[in-house]
Each structure stands twice: as C-alpha cells, then as structure tokens.
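Enquirer: The structure under discussion is supplied below as structure tokens; questions concerning it will follow.
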Amino acid sequence: MASVAVIPAHDESDTIEDVVRRAARHVDRVLVVDDGSRDDTGARAEAGGATVLRLDPNRGKGAALVHGLEAAVAMGAERVITLDADGEHDPDEIPAFLAALDAHDVALGYRHVYRSGARRALNALALFWFRVLDPGIRDTICGFRGFRAGALAAVHNSAGGFVYEHEVILRAVAAGLRIASVPITTTPSETSHVTPREMLRANNHFDRWVLRELGSLPLSPWRKSLLAAGCVAGLALGAPLAWALGPAPRKS
-7 MASVAVIPAH DESDTIEDVV RRAARHVDRV LVVDDGSRDD TGARAEAGGA
43 TVLRLDPNRG KGAALVHGLE AAVAMGAERV ITLDADGEHD PDEIPAFLAA
93 LDAHDVALGY RHVYRSGARR ALNALALFWF RVLDPGIRDT ICGFRGFRAG
143 ALAAVHNSAG GFVYEHEVIL RAVAAGLRIA SVPITTTPSE TSHVTPREML
193 RANNHFDRWV LRELGSLPLS PWRKSLLAAG CVAGLALGAP LAWALGPAPR
243 KS
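Heads up: the sequence shown runs through residues -7 to 244, numbered per my numbering.
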C-alpha cells in the first residue's frame, strides 16, 4: 500500500466526512482515529469511506496520532500523511506532501495564518529555537505533515498532547533526517484547543530534550552554546509558571 492519510478526530462530526472524502482522492487509504468522540464522528468518517479506529476514553491528539501511524505502517504504508479533522487543512494539498517525500524523509506544513493569537505567539517563539536546530524549519506546530515509513521509526515517541508535534521534529533533526517545508493554505477554525498549560509544557519539554541530547546533535559549537543558554533560561522561567498554573485537570 503506497500511501495512507491518518486523521485524528475528537467530536468533529460536522467536518470529518468531507475531509475524508477529499483526502481519499489523493491516497490509497484513509484512517480516522476516533479519539473518544461523544458525537457520531466515527459513523460520519465511515460514511466518507475511512477505516475507523476508536480510542475510548479520549486520550489526546498525540496518542491518537501514534495509534494511527502505527496502524498505517502495519498496513504496509510507504508514505503517511497526517492532517486535522476540523477542516483547517485542505486535503487537496496532499499531493504537495507526497511530492516532497520523493526527496525528503519528513515534510512539514507551514502556514501564514494561525487559528489564534496564542498559537501565533507560540510558533514565533518556538520557531526561533527550532531554526537554530535546522534553519529550514518554518512551522513547529502545524499538524499537516508527511512521513516516509522508514522515518517513522526514528521520530516515533510516546509524548502526549501538544508536546507530540514538537518532539517529532526534535527526533527528526537528531536522526539527521531530510526535512522539507511545504507551504499550505488554511481555513482557521473558530477556537483553539491549546491552553497556556500545554504551551508551557511544550516549551519545558523542548528545553529538557535539547539539554539532554545537546552533545549528540549535529550542530556547530556556537549553535550548541546558544541553545544551552536559551534552554536553561527557559526552564528557569518555566518552572515557577508551571507551579502557578498547577496540575493539569483530569480528562472527563
């Protein structure tokens, strides 16, 4: 099986069927991971022609992506595309990702418009540090991505939630994978599900990961020094903020 689209979905019954039908024009199979939806997301996805995998209870986007990517590889996919279920990503742009994977291991979508001010601010901050790692990275949190099957083993991780999408890039850089940036158009949804706590968690995760792996990263000494200083400062600021925000609420 040459190509599979993986779409994590939670309570997206209004959009999922259309997203599936349009994605199916460009890939051999569409997998929807119904992440504990309380509506008929799964049924709508099946009506659109998707194979539906269900997680119950809701485990978060990171866990849904991991589940879907593992299933796609088990089906024999050579190339895997991930995109959102809410209609923000245009499935008709999938061919651009497949083309990028002809010469690259990972293809990352990048946007010019973000769904919220919080995401815009987070991406600007994160992007500065990610571009110290790899100057070609243009967007750190866009979920529209493409992977060669062989690359998935290198980027696979168990990080959950918003952190997952950051760690995929970190692992790709550390493994020396060829990364392409693919420009995309977006239709921003009305609300963002990203909370300040998740943004802080992603920042702290990045800082700890870089400090742990810094010695093995293929970077010049000045880049390593800049990253080390920035990450130490980030953790110094992030720790009291994390304490102030308190523990994450339990999922219902």
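C-beta atoms are modelled at their ideal positions from N, C-alpha and C, and glycine is treated no differently. Small disclaimer: the values here were computed from a predicted structure and weren't measured.
Assign tryptophan 214 to one of two classes, buried (16 or more other C-beta atoms within 10 Å of its C-beta) or exposed (fewer than that).
Expert: Here residue 214 is taken as the residue at index 222 of the sequence shown, counted from 1. So tryptophan 214 ends up on the exposed side.
Enquirer: Three-state secondary structure (DSSP) at histidine 18?
Expert: Position 26 of the sequence shown, counted from the start, is the residue given in the question as residue 18. It is coil, neither helix nor strand.
Enquirer: Going by DSSP, what residue range makes up the alpha helix (DSSP H) through glycine 40?
Expert: By one-based count along the sequence shown, residue 40 stands at place 48. From DSSP, glycine 40 is part of no alpha helix (DSSP H); its letter is neither H nor E.
Enquirer: Is it true that the CB of arginine 13 sits closer than 8 Å to the CB of glycine 40?
Expert: Along the sequence shown, one-based indexing puts residue 40 at 48. Along the sequence shown, one-based indexing puts residue 13 at 21. Their beta carbons are under 8 Å apart, which means glycine 40 touches arginine 13 by this criterion.
Enquirer: Please state the DSSP three-state secondary structure of phenylalanine 139.
Expert: The count along the sequence shown starts at 1 and reaches residue 139 at position 147. Three-state result, phenylalanine 139: strand.
Enquirer: Relative to the C-alpha of serine 5, which candidate in Glu38, Asp20 and Leu23 has its C-alpha closest?
Expert: As a working note, residue 5 is residue 13 in the sequence shown. Comparing Cα positions, the closest option is Glu38.
Enquirer: Nearest to leucine 100 by CA position, among Arg71, Gly230, Phe139 and Glu205, is which residue?
Expert: For the purposes of this step, residue 100 is taken as the residue at position 108 of the sequence shown. If we check each option's Cα against that of leucine 100, Phe139 comes out closest.
Enquirer: Tell me the rounded alpha-carbon separation between aspartate 92 and leucine 206.
Expert: In the sequence shown, residue 92 corresponds to position 100, counting from 1. In the sequence shown, residue 206 corresponds to position 214, counting from 1. The amino acid occupying residue 92 in the given sequence is alanine; aspartate does not appear at that position. Answer to the nearest angstrom: the Cα atoms are 28 Å apart.
Enquirer: For histidine 270, does the three-state DSSP call read helix, strand or coil?
Expert: Look at the range of the chain in this structure, -7 to 244, and you will see that residue 270 is not part of it.
Enquirer: Does the beta-carbon distance from alanine 141 to arginine 71 come in below 8 Å?
Expert: Position 149 of the sequence shown, counting from 1, holds the residue named residue 141. Position 79 of the sequence shown, counting from 1, holds the residue named residue 71. Cβ atoms of alanine 141 and arginine 71: closer than 8 Å.
Enquirer: Does DSSP put leucine 45 in a helix, a strand or coil?
Expert: Indexing the sequence shown from 1 puts residue 45 at position 53. If DSSP states are grouped into helix, strand and coil, leucine 45 belongs with the strands.
Enquirer: May I ask you to list the residues that DSSP assigns as paired with proline 175?
Expert: The count along the sequence shown starts at 1 and reaches residue 175 at position 183. According to DSSP, which records beta bridges pairwise, proline 175 is partnered with Tyr102.
Enquirer: Which two residues bound the contiguous beta strand (DSSP E) that contains alanine 91?
Expert: Working through the sequence shown from its first residue, we reach residue 91 at position 99. No beta strand (DSSP E) contains alanine 91, which is instead part of the alpha helix (DSSP H) from 86 to 92.
Enquirer: For alanine 55, report the span of its alpha helix (DSSP H) as first-last.
Expert: If you number the sequence shown from 1, residue 55 lands on position 63. Run containing alanine 55: 53 to 66, per the alpha helix (DSSP H) assignment.
Enquirer: What does the Cβ neighbour count give for valine -2, buried or exposed, with the cut at 16 atoms within 10 Å?
Expert: For this step, residue -2 is matched to residue 6 along the sequence shown. So valine -2 ends up on the buried side.
Enquirer: Do you know how far the Cα of serine 29 is from the Cα of serine 244?
Expert: Sequence index remark: in the sequence shown, residue 244 carries index 252 (1-based). Sequence index remark: in the sequence shown, residue 29 carries index 37 (1-based). At serine 244, the pLDDT of 44 sits below 50, so the modelled position is not reliable and the matter cannot be decided from this model.
Enquirer: Identify which residue in Glu62, Ser173 and Asp26 has its Cα closest to the Cα of proline 49.
Expert: Within the sequence shown, the letter at position 57 stands for residue 49. Checked all of Glu62, Ser173 and Asp26; the closest Cα to proline 49 is Asp26.
Enquirer: Return the chain-ordered list of same chain residues with a C-beta closer than 8 Å to the C-beta of leucine 47, the five sequence neighbours on each side being excluded.
Expert: In the sequence shown, counting from the first residue as 1, residue 47 sits at position 55. Cβ within range, chain order: Val25, Asp26, Asp27, Gly28, Ala55, Ala56 and His59.
Enquirer: Which of helix, strand or coil does DSSP assign to glycine 10?
Expert: The residue labelled residue 10 in the question sits at position 18 within the sequence shown. Per the sequence presented here, residue 10 reads as aspartate, with glycine not at that position. Three-state DSSP puts aspartate 10 in a helix.
Enquirer: In three-state DSSP terms, what is leucine 246?
Expert: Residue 246 cannot be examined here, being either before or after the span of the chain that is shown, -7 to 244.
Enquirer: From alanine 69 to alanine -6, what does the alpha carbon distance come to, in whole angstroms?
Expert: Locating residue 69 in the sequence shown gives position 77, where the first residue counts as 1. Locating residue -6 in the sequence shown gives position 2, where the first residue counts as 1. Here the alpha carbons of alanine -6 and alanine 69 stand approximately 5 Å from one another.
Enquirer: According to DSSP, what are the bridge partners of arginine 71?
Expert: Here the question's residue 71 lines up with position 79 in the sequence shown. Its beta-bridge partners are Ser(-5) and Arg140.
Enquirer: With distance defined between alpha-carbon atoms, name the residue in Gly168, Ala194 and Pro0 nearest to leucine 117.
Expert: Here residue 117 is taken as the residue at index 125 of the sequence shown, counted from 1. Minimum Cα distance to leucine 117 is reached at Ala194.
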